[in-house]
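Trainee: Take this structure first; my questions come after.
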Amino acid sequence: MNTSLLNRSAVWAGLLGACGLLASFSASEHKPVAPAKRSRTFVLTSTATVPVAPTGTKAVDFWLPVPHPDANQEVRDLKIESPVPYKIEKGTYGNQMLHFRLAAAPTAPLVVKLTATITRREHLNLSANGTSPTKPSKKEKADPNMARWLAPDRLVPLDAKIKQQAQEVVTKANAKTDLDKARAIYEHVVSTVTYDKTGQGWGRGDIYYACDARRGNCTDFHAIVIGYCRSVGIPARFSIGLPLPTERGKGEIKGYHCWAEFYTTETGWVPVDASEAAKNPDKRNYFFGAHDENRVEFTRGRDLELAPKQTAAPLNYFVYPYAEADGKPLEVTRTYEFADVTKK
């Protein structure tokens, strides 16, 4: 065979092989790779002190939120120290709580201590911001309370005024899909509400206060997010728990934190945290579709009836211990502490 012909054939074969190799490199470079979810393991300590009830009290009831396990949160080594017998009850929306009832009012304060090792995982839904080409996992369990997440709360009415405000937001953004509408609502809230805990009225999750004052804390931010989403037909649900500082270590947790999720058929449940986005502008895009690992969830939902049901009105939200003396609310003092578990 002609030597030059053989050489030309070898050259072409080499070129074709190189092109194929480059193409495979190019395809792999452009294929989106889901980031590894961050996680955090820590020991949580909850201490509640039930005071001596008023003279003449016949019965005392006490409830303490107990962290529950789910896809983003592992709870193990749960330990409870209580001077009286108790039960762990399960309420609506999967909420867990410790409860005891005393037929005779105690003559000294009662201290109840809960400790648990929590592993909190970053909750990501990459399909929310277009970074994932795949649909959400079909393993996600259907929420049996979907109708509830379209209904009003006592402080988040879905009246004509709120519906009009929500519609104006999505119309201005020219949002057509539910995902686009939810994004428009999120951007509107982050852009127009300031994280500010001064004065009075903040912290109740009152949508009218938040819309008028344009400031508040996480409950106020998410009252608007949830109320507006529900007003345009998008299910949205509320969760509350405790925030952890980003720095690892140990210390006391002074206050609570709450966040939200909304649902579309295209994405499934999408985590959002509008108040954290307002506090951290560089993470504005991140918190549409993510909850970081620096938190622990206690309960879901608002206007809650406890298990067994309390005598007083439903709780606006349930993150701190609650007690009643003969059916009347009794103030309980509490402390929360965390200690990160270092990996060996």
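If you use our numbering, the sequence shown closes out at 358, no skipped numbers anywhere. We put the CB at the ideal spot given by N, CA and C, even for glycine.
Ends of the beta strand (DSSP E) at L124?
Mentor: From DSSP, the beta strand (DSSP E) with L124 extends over 124-135.
Trainee: According to DSSP, is L92 helix, strand or coil?
Mentor: Three-state result, L92: strand.
Trainee: Identify the residues that DSSP records as bridge partners of L344: which are they?
Mentor: Per DSSP, A337.
Trainee: Within 10 Å of its beta-carbon, does A326 have 16 or more other beta-carbons around it, so buried, or fewer, so exposed?
Mentor: A326 is exposed by the Cβ-count criterion.
Trainee: Three or more C-beta pairs closer than 8 Å, one from the stretch 247-266 and one from the stretch 315-333: is that the case here?
Mentor: In short, these stretches touch, since the Cβ pair count reaches three.
Trainee: What distance in whole Å lies between the Cβ atoms of E154 and K51, which are believed to be in contact at a cut-off of 8 Å?
Mentor: Not really, about 15 Å apart at Cβ, beyond 8 Å.
Trainee: Report yes or no: do the stretch 307-326 and the stretch 89-109 share at least 3 C-beta pairs separated by less than 8 Å?
Mentor: These segments touch.
Trainee: Leaving out five residues on either side along the sequence, give the residues of the same chain with a beta carbon under 6 Å from the beta carbon of A62.
Mentor: These residues qualify, in order along the chain: L78, V126, P335, V346, R348.
Trainee: How should T111 be labelled, buried or exposed, when 16 other C-beta atoms within 10 angstroms of its C-beta is the threshold for buried?
Mentor: The sequence given here has Met at residue 111, not Thr. Buried, because 16 or more other Cβ atoms sit within 10 Å of the Cβ of M111.
Trainee: Run the CB neighbour count on D306, radius 10 Å, all protein chains shown included, and call it buried at 16 or more, exposed below.
Mentor: Counting Cβ neighbours within 10 Å, D306 comes out buried, since at least 16 surround it.
Trainee: Spatial neighbours of D220 within its chain, please: CB distance less than 6 Å, with the 5 preceding and 5 following residues excluded, ordered by chain position.
Mentor: For D220, where only same-chain residues beyond five positions count, the Cβ hits under 6 Å are L169.
Trainee: Which whole-angstrom value is the C-beta distance of V246 and A288, which I expect to be below 8 Å?
Mentor: Not confirmed; about 16 Å, so no contact.
Trainee: To the nearest angstrom, how far is the alpha carbon of W283 from that of D167?
Mentor: Whole-angstrom Cα-Cα distance: 20 Å.
Trainee: Report yes if the CB atom of R90 is closer than 8 Å to the CB atom of T129, and no otherwise.
Mentor: No; because the gap between Cβ atoms is not below 8 Å, this pair is not in contact.
Trainee: Report buried or exposed for Q324, applying the criterion of at least 16 other Cβ atoms within 10 angstroms of its Cβ.
Mentor: It counts as buried.
Trainee: For A291, which option in E261, T208, Y270 has the closest C-alpha, if you only look at C-alpha atoms?
Mentor: Closest option to A291, Cα to Cα, is T208.
Trainee: Have a look at P249, I199, F235, W163 and flag the residue whose alpha-carbon is nearest the alpha-carbon of W216.
Mentor: The shortest Cα separation from W216 among P249, I199, F235, W163 belongs to F235.
Trainee: In this structure, does DSSP put H113 in helix, strand or coil?
Mentor: Strand, per DSSP.
Trainee: Run through DSSP, which three-state label would I248 get?
Mentor: Reduced to three states, the DSSP call for I248 is coil.
Trainee: Indicate the three-state DSSP secondary structure (helix, strand or coil) for P230 in the structure shown.
Mentor: Note on residue identity: the sequence assigns Gly, not Pro, to residue 230. Looking at G230 - three-state DSSP - the assignment turns out to be strand.
Trainee: With distance defined between alpha-carbon atoms, name the residue in Y100, P97, R134, A304 nearest to T55.
Mentor: The shortest C-alpha separation from T55 is found at R134.
Trainee: Please give me, in chain order, every unbroken run of the beta strand (DSSP E) with length at least 3 that falls completely inside the stretch 50-104.
Mentor: You should have 53-64, 74-80, 87-95, 101-104.
Trainee: Tell me where the alpha helix (DSSP H) around A174 begins and ends.
Mentor: Segment 174-186, the alpha helix (DSSP H) holding A174.
Trainee: Look up E311 in the DSSP assignment and say whether it is helix, strand or coil.
Mentor: Residue state, collapsed to three classes: strand.
Trainee: First and last residue of the beta strand (DSSP E) that includes K264?
Mentor: Per DSSP, K264 belongs to the beta strand (DSSP E) from 264-267.
Trainee: Which whole-angstrom value is the C-beta distance of R218 and T233, which I expect to be below 8 Å?
Mentor: Contact flag correct, Cβ pair sits at about 7 Å.
Trainee: May I ask which residues mark the beginning and end of the alpha helix (DSSP H) holding V207?
Mentor: Taken as a continuous stretch (DSSP letters only), V207 belongs to no alpha helix (DSSP H), as it is neither H nor E.
Trainee: Mapping the DSSP letters down to three states, classify T106 as helix, strand or coil.
Mentor: DSSP places T106 in helix when its eight states are reduced to three.
Trainee: With distances taken Cα to Cα, identify the nearest neighbour of D157 among H202, F76, D84.
Mentor: Nearest option by C-alpha distance: D84.
Trainee: Report yes if the CB atom of E280 is closer than 8 Å to the CB atom of L344, and no otherwise.
Mentor: Cβ atoms of E280 and L344: not closer than 8 Å.
Trainee: How many angstroms separate the CA atom of L92 from the CA atom of P99?
Mentor: Rounded to whole angstroms, L92 to P99 spans 16 Å at the Cα level.
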